[in-house]
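Number of protein chains: 2
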Amino acid sequence: MLATAREVLAERGFAGFSVDEVARRAGAGKPTIYRWWPSRADLLLEVYLTERSARVSEPETGSLSGDLAALARATLAAWRGTPAGAALRGLIAEAQRGDAALLALWGRFLPAWLQPVRSVLGDAVRRGEVDPADIELVVELYSGFLWRRLLTGQTDDDRTAIDRMARLIASGRGRKEPRAPA
Amino acid sequence: MLATAREVLAERGFAGFSVDEVARRAGAGKPTIYRWWPSRADLLLEVYLTERSARVSEPETGSLSGDLAALARATLAAWRGTPAGAALRGLIAEAQRGDAALLALWGRFLPAWLQPVRSVLGDAVRRGEVDPADIELVVELYSGFLWRRLLTGQTDDDRTAIDRMARLIASGRGRKEPRAPA
DNA sequence: AGATAACGAAACGATCCGTTTCGGTCGGTG
DNA sequence: CACCGACCGAAACGGATCGTTTCGTTATCT
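Given below as structure tokens:
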């Protein structure tokens, strides 16, 4: 079932992803699909989560900028090479309808999605590389960078741009008084 | 006509924005709407452009971080207080369908949208505040920050976050070798 | 005044979501 | 071995929306 959804997303992208299409290909009835997933968005979400958790693992390069770059590259690779990218594009697009159920789903999904970045940032804080007060800023800039690339279809592995992004974000100059180097 | 579209967007957001609804309220026929705008997205786009060009003007604070912060706050204010925010949310959502015409529209719109940031960055380059090679990075981080906020509904005037974002982005530490101050 | 173009209203074809209905197939039971 | 009930695929339905077509009316221009 999920396999069929993945297949449709991979072949025709979010544009060609409809519940009817998935049901047809799976040789299943729509009621059966709606038995397990309350809405199309839930189906997209599950496709994304399974796909992504299987692919992206926590990097350990020793520096925040290295970790951020590795994480970003792995995420983009997963978006590029699996239906995860199409699924997330669909989720973001659908969330703009403002449906209450969608927003609830979103509220549960966003923190889960941000978990790897927060983990990497936690390490950096422990190393004294980042002021805890800067965490939210870094999370926002990092996710904004990746989402914008996803939504505009730029999921290619642009190493130099990603490295620059990671270095700038990790440089931590957002505070009024930069900390003296340890 | 545009006034009615603005009104619908303002009252019911992108969720309640349909061509039929606009036609009904305007006392006009749908064919008349489609005579001027080839698709719903074009209508959204024009609402956005008129709304935004009337509101956001180029800041001149003398520093890149100041300009970026002012620009970001003005943009968020326009999104918050006018139908422009709802219109852009709709445009971004609709673009995810991958329709060819949509992508063409997007290709013309994105550069126009980025023009104010690029202008501010041009000033900073002339002042020697920014390496021209960093322009794309700053543009990406700035737009990613704002879009992410728009798409998640966080259009409030979060001064401290915006200032931090502007300072970090403007600090220009993304290069391998930071330029020596002039 | 008469012809022509534009326009509002309504209906249409197509697509899609999410729900309901129907008929057949499989399990377990007396 | 015969029967009953739950599940499921298929199909149809109701509702919404986009973009198009048709039609009668109105307003404009000659």
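Line by line, the protein sequences are chains A and B.
As numbered in the numbering used here, residues -17 to 164 make up the first sequence, in order.
As numbered in the numbering used here, residues -17 to 164 make up the second sequence, in order.
For each residue, glycine too, the CB sits at the ideal point set by N, CA and C.
Among the options, the one whose alpha carbon lies nearest that of residue i
i: B/Pro41; options: B/Glu33, B/Phe(-4), B/Ala51, B/Val107; result: B/Ala51
i: B/Arg141; options: B/Ala106, B/Ser125, B/Glu76, B/Ala54; result: B/Ala54
i: A/Gln78; options: B/Ser21, B/Pro13, B/Arg(-12), B/Gln136; result: B/Gln136
i: B/Pro114; options: B/Leu150, B/Gly126, B/Ser101; result: B/Ser101
i: A/Leu132; options: A/Arg6, A/Leu46, A/Ala59; result: A/Ala59
i: A/Ile15; options: A/Arg130, A/Leu73, A/Ala(-13); result: A/Ala(-13)
i: B/Met147; options: A/Leu123, A/Leu96, A/Leu70; result: A/Leu123
i: B/Ser47; options: B/Val121, B/Tyr30, B/Arg130; result: B/Val121
i: A/Val38; options: A/Phe(-1), A/Gly11, A/Ile151, A/Gln97; result: A/Gln97
i: B/Thr57; options: B/Ser45, B/Ser35, B/Thr43, B/Gly44; result: B/Ser35
i: A/Ala168; options: A/Ser21, A/Asp2, A/Asp105; result: Within the shown structure, residues of chain A are numbered from -17 to 164, placing residue 168 of chain A beyond reach of any answer.
i: A/Gly89; options: B/Thr134, B/Asp139, B/Ala152, B/Ser0; result: B/Thr134
Presumed contact (8 Å Cβ cut-off) between residue i and residue j, rounded CB distance
i: A/Thr32; j: A/Leu(-9); result: A/Thr32 to A/Leu(-9), Cβ: 12 Å. No contact.
i: A/Leu119; j: B/Leu150; result: 6 Å
Close beta carbons around residue i, own chain, < 6 Å, minus the five adjacent residues each side
i: B/Val107; result: Pro114
i: B/Arg62; result: Thr137
i: B/Ala68; result: Leu(-9), Gly(-5), Phe(-4)
i: A/Thr64; result: Glu33
i: B/Glu3; result: Val(-10)
i: B/Asp105; result: none
Sequence-distant residues of its chain with Cβ nearer than 7 Å to residue i (five each side left out)
i: A/Ile144; result: Ala51, Ala54, Arg55
i: B/Ala23; result: Leu73, Glu76, Leu84, Leu87
i: B/Thr43; result: Asp49, Ala52
i: A/Val1; result: Lys12, Ile15, Arg22
i: B/Ala152; result: Leu46, Ser47, Leu50
i: A/Ala162; result: Note that A/Ala162 scores a pLDDT of 46, beneath 50, so its modelled location is shaky and nothing firm can be said.
i: A/Phe91; result: Leu27
i: B/Arg71; result: Phe(-4), Leu132, Leu133
i: B/Arg17; result: none
i: B/Pro93; result: none
i: B/Gly80; result: none
Pair within 8 Å by beta-carbon distance, residue i and residue j
i: A/Ala(-11); j: A/Arg7; result: Looking at the sequence itself, residue -11 of chain A is Glu, so the reference to Ala does not match. Taking 8 Å as the Cβ cut-off, A/Glu(-11) and A/Arg7 qualify as a contacting pair.
i: B/Gly126; j: A/Trp95; result: no
i: A/Ala66; j: A/Tyr30; result: yes
8 Å CB neighbourhood of residue i in its chain, flanking five on each side removed
i: A/Ile117; result: Arg100, Leu103, Val107
i: A/Pro160; result: With a pLDDT of 42 at A/Pro160, under the threshold of 50, the modelled position of that residue is not reliable, and no figure is offered here.
i: A/Arg157; result: In this prediction, A/Arg157 scores a pLDDT of 49, lower than 50, which makes its location untrustworthy; the coordinate-derived value is nonetheless stated afterwards. For A/Arg157, where only same-chain residues beyond five positions count, the Cβ hits under 8 Å are Asp113, Ala115, Asp116.
i: B/Asp139; result: Arg55, Leu58, Ala59, Arg62
i: B/Gly(-2); result: Val(-10)
i: A/Trp220; result: This structure cannot settle anything about residue 220 of chain A, because the visible part of chain A is limited to -17 through 164.
Only counting runs of 4 or more residues, tell me where the alpha helix (DSSP H) segments fall wholly within the segment 0 to 32 of chain A, in order along the chain. 1 to 8, 12 to 18
May I have a chain-ordered list of the alpha helix (DSSP H) segments no shorter than 4 residues that lie completely inside the segment 51 to 116 of chain B? 66 to 77, 82 to 108
Kindly provide the ranges of any alpha helix (DSSP H) runs that are 4 or more residues long and lie completely inside the segment 113 to 148 of chain A, ordered along the chain. 117 to 133
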